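> 745 is the number that the working numbering gives to position 302 of the sequence shown; each next residue is one higher, with no gaps.
Idealized CB from N, CA, C, for every residue including glycine.
All of these numbers come straight from a predicted model, not from anything done at the bench.
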Amino acid sequence: MPGALASENNLYRLPSKPRAYDAGGDGGRGLSHVALERLYYVPTLPNVLRSRHEVVEGASRECVGHQPVVCSLFPHLSNTHGGHAPLRMVNIVPAASQGEDATEKRPLRLGCVLSGGQAPGGHNVIIGLHDYLQRWHPGSTLLGFLNGPRGVMQNNYKLLTPEELDSYRNQGGFHMIGSGRDAIAKPDQLVAAEKTCLEHDLDGLVVIGGDDSNTNTAVMAEYFLKQGVKTTVVGVPKTIDGDLKNTDVPCSFGFDTACKVYSEAIGNIMIDSMSAKKYYHFIRLMGRAASHVTLECALQTHPQMALICEEVAAHRWGLKDVVRQVADMVAQRAELGKNFGVVLVPEGLVEFMHDVSALIAELNEMLAKGVNANDQCDVIAHLTQESADLFNGLTPSIRSELLEERDPHGNVQVSHIQTEKLLIKLVGQELARRKAQGTFRGKFSALSHFFGYEGRCSLPSNFDATYCNALGQAAGALVAAGQTGLMATVSNLAAPATKWTVGGTPLLSMMHLERRSGRDKPVIRKALVEIHGAAMTSYTSMRAIWAIQDWCRSPGPIQFHGHTADMASITLALEVNEGQPCLVNEPADDDK
444 MPGALASENN LYRLPSKPRA YDAGGDGGRG LSHVALERLY YVPTLPNVLR
494 SRHEVVEGAS RECVGHQPVV CSLFPHLSNT HGGHAPLRMV NIVPAASQGE
544 DATEKRPLRL GCVLSGGQAP GGHNVIIGLH DYLQRWHPGS TLLGFLNGPR
594 GVMQNNYKLL TPEELDSYRN QGGFHMIGSG RDAIAKPDQL VAAEKTCLEH
644 DLDGLVVIGG DDSNTNTAVM AEYFLKQGVK TTVVGVPKTI DGDLKNTDVP
694 CSFGFDTACK VYSEAIGNIM IDSMSAKKYY HFIRLMGRAA SHVTLECALQ
744 THPQMALICE EVAAHRWGLK DVVRQVADMV AQRAELGKNF GVVLVPEGLV
794 EFMHDVSALI AELNEMLAKG VNANDQCDVI AHLTQESADL FNGLTPSIRS
844 ELLEERDPHG NVQVSHIQTE KLLIKLVGQE LARRKAQGTF RGKFSALSHF
894 FGYEGRCSLP SNFDATYCNA LGQAAGALVA AGQTGLMATV SNLAAPATKW
944 TVGGTPLLSM MHLERRSGRD KPVIRKALVE IHGAAMTSYT SMRAIWAIQD
994 WCRSPGPIQF HGHTADMASI TLALEVNEGQ PCLVNEPADD DK
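#1: Given this structure, state the Cα-to-Cα distance separating Thr487 from Trp760, to the nearest angstrom.
#2: Quick check: the Cα distance between Arg767 and His825, rounded to an integer number of angstroms?
#3: Using DSSP bridges, identify the partner residues of Arg962.
#4: For the candidate residues Thr675, Leu641, Ala626 and Asp644, whose alpha-carbon lies nearest to that of Gly653?
#5: Does the beta-carbon distance from Ile867 to Phe696 come in below 7 Å?
#6: Taking Ala757 as the reference, give the member of Met729, Gln747, Leu792 and Gly594 with the closest Cα.
#7: Out of Ser891, Leu738, Glu1029 and Leu742, point me to the one whose CA is closest to Cys995's CA.
#8: When the Cα of Ala661 is compared with those of Met953, Glu794, Tyr705 and Thr944, which residue comes out closest?
#9: Below 6 Å, is the gap between the Cβ of Ala811 and the nearest heavy atom of the ligand NAD?
#10: Inspect the beta-carbon positions of Ser901 and Val736 and report whether they are closer than 7 Å.
#11: According to DSSP, which residues form a beta bridge with Lys781?
#12: Which word fits Glu739, buried or exposed, when buried means at least 16 other C-beta atoms lie within 10 angstroms of its C-beta?
#13: Thr639: buried (16+ other C-beta within 10 angstroms of its C-beta) or exposed?
#14: Under the DSSP definition of a beta bridge, which residues are partnered with Arg727?
#15: Can you give the Cα-Cα distance for Glu607 and Leu551, rounded to whole angstroms?
#16: Would you mind sorting Arg884 into buried or exposed? The rule is 16 or more other CB atoms within 10 Å of its CB.
#17: Please work out which residues of its chain come closer than 8 Å, Cβ to Cβ, to Arg968, disregarding the five sequence neighbours upstream and downstream, and give them in chain order.
#18: Touch check for the segment 560–568 and the segment 614–633: three-plus C-beta pairs under 8 Å?
#19: Run through the DSSP bridge pairs and tell me what Ile651 is partnered with.
#20: Specify the secondary structure class of Lys638 as computed by DSSP and reduced to three states.
#21: Per DSSP, Val536 forms a beta bridge with which residues?
#22: Name the DSSP bridge partner or partners of Thr584?
#23: Which two residues bound the contiguous beta strand (DSSP E) that contains Met930?
#24: Looking at the secondary structure, which residues open and close the beta strand (DSSP E) in which Thr948 lies?
#25: Rounded to whole angstroms, what is the Cα-Cα separation between Ala632 and Gln597?
#26: Could you say which of Met930, Leu865, Gly671 and Lys964 lies nearest to Leu530 if we only look at CA atoms?
#27: Helix, strand or coil for Lys969 per DSSP?
#28: Give every residue of the same chain whose Cβ lies closer than 6 Å to the Cβ of Ala831, excluding the five residues on either side of it in the sequence, and list them in chain order.
#29: If we count Cβ pairs, one from each stretch, closer than 8 Å, do we get three or more for the segment 909–917 versus the segment 877–893?
#30: With respect to the beta strand (DSSP E) encompassing Tyr982, which residues constitute its N-terminal and C-terminal limits?
#31: Please determine if the segment 969–986 and the segment 668–687 are in contact, where contact requires at least 3 C-beta pairs separated by less than 8 Å.
#32: Below 8 Å on the Cβ atoms is my guess for Arg397 versus Gln747; work out the distance and round it to an integer in Å.
#33: Under three-state DSSP, which class holds Lys886?
#34: Going by DSSP, name the residue or residues bridged to Leu530.
#35: Hey, Val788 and Thr862 are a contact pair by Cβ (cut 8 Å); roughly how many whole angstroms apart?
#36: Select from Arg578, Ser610, Gly582 and Leu602 the residue whose C-alpha is nearest the C-alpha of Glu480.
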């Protein structure tokens, strides 16, 4: 079995009772043989967390933008002096003394909450947090707030017991306690959260979420400090989009697993496309604000084209430019007698085409001012001429989707916008125009797909199972040390998990000002694809060949055993390990 031995220093608790599928005999929760086997997978624990450790101050950090303003809005977290914040990350290191420490034995009362969309490995974060408390602070209490931040505000919770947690080890989903997209940011919401934490006498609250959720984590940490509430607040980086990362956070959990799930399906479709030889498949993938998922899936599968939002924005391409490029690829393949292929489309593409993004910005301002979204004539009257022309040229469904109510954080709900269908229609029109001119002699039949929810709740890969367990334990160590306003970090991921480093980075260091709902707000900045970075460079070096050659790469399903089981994403290997695979576990001697 990969990972650390279960008996090694009692670092990991194994489930005591199997829950194999027996037609409902397990109380209604029938597990497949694979899911049952995953219950017994033992994630490797970083060495620093195996023995006594302590939290020490690390390198200084600054906000990614607008530091004076951001710090002025968080005076207690930033300890502002003259507009400059002495923000510092912290490192968890071996304790100077390995002798007994009475503070380690003190029972703690902690709460945890899942916030935002699901991501594989979330249960392991909670289990890692629980295991840390039981080892270093025996008798501690862990509460799980139900259905997201609303559970904190409404004091809706359950006590998380070892027996219940055991049945969720290395399992997908967030269904143990549920999640939600509510924000804890307004005064009444903060007061409600404070009341709950005081009632339970919580030493700490761990928020497992993405960039918006962790922005609210910083808001809550600041408010509690201001109010003198003892509850510390620590965040954990969660999003399959992969856009929550920086120098200290190499990747968010769930990204590795989700990309592997999507890549399996894309590989299957590519082989079908090569077999039928009559369809173009336009596949929209999750990634509201960044194209990390699309780029990773492209590296995994070698499609004929992958549209990358950040490249579109860098070159200021508009909708017509994107349509022309796709049509050019189709025409080029038609000259070779190939009327089939696969195009990957990130779901956030509409916000990166300069003309569409300008339209969305105008719509956001209008909706914030109360313009009636149901009266499209009134909407058009408030648009600039360029945006009005573009809006009129969109399909009725796309127009309606752009006017939908924003999510609780003020974002366009791009997952509802069927960009792939819009591109199919416009590319078809462009090719019809070329055919009429005699410059296109091929055929164009297209099918649309959206791969989103399929990747969010899979059994986590070995990497995510191990990474999440380490993140949960790191969060426990930070809270136990009285740290607040930090995001738990696990890095040095190019090395095997035993050598991973653990710590925390200030949430404020990830923040800047962003226009939301008609006003500037401090938020954690999304990490976009670097168009000159290693992953993008790897893709651009091959995409011209992949466009015309059918070099389909079908990675197959997630491997839990075997040669590729412990490999993390290609993106991570390119970014932190010079293209060499990142392996969770040490290879066996005969594999070295």
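In short, the structure shows the following:
#1: Their backbone Cα atoms lie some 45 Å apart in a straight line.
#2: Spanning the alpha carbons of Arg767 and His825 requires a straight line of approximately 29 Å.
#3: According to DSSP, Arg962 bridges with Arg959.
#4: It is Ala626.
#5: Going by beta carbons, Ile867 and Phe696 fall outside the 7 Å limit.
#6: Ranked by Cα distance from Ala757, the options Met729, Gln747, Leu792 and Gly594 are led by Leu792.
#7: Relative to Cys995, the option among Ser891, Leu738, Glu1029 and Leu742 whose CA is nearest is Leu742.
#8: Of the listed residues, the one whose Cα sits closest to Ala661 is Met953.
#9: As presented, the structure is devoid of all ligands, the ligand NAD included, so that no description of it is given.
#10: Not closer than 7 Å, so no.
#11: Bridge partners of Lys781: none, in fact.
#12: Under this definition Glu739 is a buried residue.
#13: Counting every other CB atom within 10 Å of its CB across the protein chains shown gives Thr639 a total of 16 or more, marking it as buried.
#14: Bridge partners of Arg727: Val788 and Phe893.
#15: Glu607 and Leu551: Cα-Cα distance of roughly 20 Å.
#16: Answer is exposed; the Cβ neighbour count stays below 16.
#17: Excluding residues within five positions, the ones whose Cβ falls inside 8 Å are Val507, Gly508, Asp654, Met953, Met954, His955 and Glu957.
#18: Yes: the two stretches touch, three or more of their Cβ pairs being nearer than 8 Å.
#19: In the DSSP output, where bridge partners are listed per residue, Ile651 has Leu557 and Val679.
#20: For Lys638, the three-state secondary structure derived from DSSP is helix.
#21: For Val536, the beta-bridge partners assigned by DSSP are Glu497.
#22: Under DSSP, Thr584 takes part in a beta bridge, and its partners are Arg552.
#23: Met930 -> beta strand (DSSP E) spans Leu929 to Ser934.
#24: Note, Thr948: beta strand (DSSP E), Thr944 to Pro949.
#25: Rather than Ala, the amino acid found at residue 632 in this sequence is Gln. If you draw a straight line from the Cα of Gln632 to the Cα of Gln597, it comes to about 9 Å.
#26: Comparing Cα-Cα distances from Leu530 to each of Met930, Leu865, Gly671 and Lys964, the minimum goes to Met930.
#27: Residue state, collapsed to three classes: coil.
#28: Hits under 6 Å: Ile823.
#29: At 8 Å Cβ cutoff, the stretches do not touch.
#30: Residue range Ala977 to Thr983 is occupied by the alpha helix (DSSP H) that includes Tyr982, with no beta strand (DSSP E) assigned at that position.
#31: Yes: at least three Cβ pairs fall under 8 Å.
#32: Shown here, the chain extends from 444 to 1035; a query on residue 397 therefore has no answer.
#33: Judged by DSSP in its simplified three-state form, Lys886 adopts coil rather than helix or strand.
#34: Per DSSP, Arg504.
#35: Cβ atoms of Val788 and Thr862 come within 8 Å of each other, at about 6 Å.
#36: Ser610 is the residue among Arg578, Ser610, Gly582 and Leu602 whose C-alpha sits nearest the C-alpha of Glu480.
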